[in-house]
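Chemist:
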Amino acid sequence: MALAIAGLRSELASAGPTAQLSATKTVVINHFAFHPPTLTIAAGTTVTFANTSQVTHTATHGGVFNTGRIGPGTSISVRFKQRGTFTYHCMIHPTMHGKIVVQ
Ligand SMILES: [Cu+2]
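Residue 480 is where the sequence shown starts when you use the numbering used here, and the numbers rise one by one after that.
1. Taking all protein chains shown into account, decide if Q499 is buried (16 or more other Cβ within 10 angstroms of its Cβ) or exposed.
2. Which residues in the same chain as Q533 place their Cβ atom closer than 8 Å to its Cβ, once the five residues preceding and following it in sequence are excluded?
3. Quick one: residues in its chain with C-beta nearer than 7 Å to the C-beta of M570, no 5 flanking neighbours on either side, listed in chain order?
4. Considering only residues of the same chain and omitting the five flanking positions on each side of G486, which have a CB-CB separation below 6 Å?
5. Under three-state DSSP, which class holds S554?
6. Is the Cβ-Cβ distance between T519 and F559 less than 8 Å?
7. Measuring from the CB of H536, is there a heavy atom of ligand 1 at a distance below 7 Å?
8. Roughly how many angstroms separate the alpha carbons of I508 and T535, rounded to a whole number?
9. Out of curiosity, what's the CA-to-CA distance linking H514 and A529?
10. Cα separation between H576 and R562?
Given below as structure tokens:
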């Protein structure tokens, strides 16, 4: 998996200062699903949404975060500073759901 992600273009989405280093976790988007469907992280962790599928997706939570369109073979990173449980979905494929738990 690390090899598959290594070559992806990465860009930062969402708000907030990003100067300091922090842990990074990855959610892989493929087969019209988010993997893992539930990801538990510490506050301050950056989550990279890596789209390894052939179609564009988003990871969207109304209000807290929205990656915007993630093209095939690309990724978008979001830093989670706020604790809570955030369910999200793909705006293009509303049946795709995931959850980020920030502790
Ligand atoms: Cu999608």
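Each residue gets a CB set at the ideal place from its N, CA and C atoms; glycine is no exception.
Modeler: So, to answer that:
1. Residue numbering aside, residue 499 sits at position 20 when the sequence shown is read from its first letter. Residue placement at Q499 is flagged as unreliable, the pLDDT there being 49, under the threshold of 50; a coordinate-derived value is accordingly withheld.
2. The sequence position of residue 533 within the sequence shown is 54, counting from 1. If we look at Q533 and ignore the five residues flanking it on each side, its Cβ neighbours are P551.
3. One-based indexing of the sequence shown puts residue 570 at position 91. Taken in chain order, the residues that qualify are T537 and T539.
4. The sequence position of residue 486 within the sequence shown is 7, counting from 1. Low confidence applies to G486: its pLDDT is 43, below 50, so where it sits in the model is not reliable enough to give any reading.
5. Mapped onto the sequence shown, residue 554 falls at position 75. Correct three-state label for S554: strand.
6. As a first step, residue 519 must be located in the sequence shown, where it is residue number 40. As a first step, residue 559 must be located in the sequence shown, where it is residue number 80. Against a cut-off of 8 Å, the Cβ pair of F559 and T519 comes out as no contact.
7. Position 57 of the sequence shown holds residue 536. Yes, the Cβ of H536 comes within 7 Å of a heavy atom of ligand 1.
8. Position 29 of the sequence shown, counted from the start, is the residue given in the question as residue 508. Position 56 of the sequence shown, counted from the start, is the residue given in the question as residue 535. When rounded, the distance between both Cα atoms is 10 Å.
9. Indexing the sequence shown from 1 puts residue 514 at position 35. Indexing the sequence shown from 1 puts residue 529 at position 50. The straight-line gap from Cα to Cα measures roughly 10 Å.
10. Taking the sequence shown and counting its residues from 1, the one referred to as residue 576 is at position 97. Taking the sequence shown and counting its residues from 1, the one referred to as residue 562 is at position 83. If I take the Cα positions, the gap works out to 19 Å.
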